[in-house]
Structure formats: structure tokens, C-alpha cells
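Please read the structure below before turning to the comments.
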Amino acid sequence: DLLLGVIPSYTPWAYFFPPKQYRAIRRPSFTFSRIIPSIPDDDAQAEIEERLASVQTNSLEDEREKTCISSCLKQISKLNDWLGFIVGRVGQFLQG
């Protein structure tokens, strides 16, 4: 401090009160909320798979597209399971 002339400042960056309804609008804890809300949950995904299965295909290209979408939905389901496992472990770590 003496060499460089730096004076430490303990002034807060911002000083304000939270909104009146802060407790009511606050989001749930990050660790137990869904990380990626764009990935559908199991019920929504089952409904999407049922709708996909009911689609009639007229050409080979349509059948290939249907197969690709089906495999993509399976991967999304697997990712959802992995994310659920990870979030569960994070929750256990934070509780411990």
C-alpha cells in the first residue's frame, strides 16, 4: 500500500433492498430444479413417442426421418436420466 499508493476500499458495489415480493418470486434451489427445461419430462416424452408411432409413412425417406427422430428421443431420455442422477448426487453432496 505504501509503495503503490493503493488505498483499500470496502464500499459495497451496490446498496439496495430486495423487492417486496422477493421471497414469493424467488426461484427454487438450483440443485433440485430442472437444469434444462427444454428437455421434456418423461410424461411429455412418452406422449411425443406415441404421436410419432402413430404417424403413417409413405416413403423410404419418411421412414428414415421417423427412425432418426425416434433415436433422438431415446438419446434425450438417456440424457434426462443422466442429468437426474447427477442432480441427485449434487443434492446428496450438499446435504452431507
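First residue of the sequence shown: 27, per our numbering; consecutive thereafter.
Positions of the beta carbon are idealized from the N, C-alpha and C atoms, including for glycine.
Sequence-distant residues of the same chain with beta carbon closer than 8 Å to residue i, five excluded per side
i, result
"Asp-68", "Ser-103, Asn-106"
"Glu-75", "Ser-96, Leu-99"
Contacting residues, own chain, Cβ-Cβ under 7 Å from residue i (five flanking each side not counted)
i, result
"Lys-92", "Leu-78, Val-81, Thr-83"
"Ile-95", "Leu-78"
"Thr-57", "In this prediction, Thr-57 has a pLDDT of 46, which is less than 50 and means its spatial position is unreliable; nothing more can be read from the coordinates."
Assumed close pair residue i, residue j - CB separation to whole angstroms, cut-off 8 Å
i, j, result
"Leu-109", "Gln-71", "Their Cβ separation, rounded to whole angstroms, is 13 Å, which puts Leu-109 and Gln-71 out of contact at 8 Å."
Simplified DSSP assignment, three categories, for residue i
i, result
"Thr-83", "coil"
"Gln-121", "helix"
"Asp-69", "helix"
Beta-carbon proximity list for residue i, same chain, < 6 Å, skipping 5 on both sides
i, result
"Glu-89", "Thr-83"
Neighbour flag for residue i against chain D, beta carbons, 8 Å
i, result
"Ser-96", "In the structure shown, chain D does not exist; there is a single protein chain."
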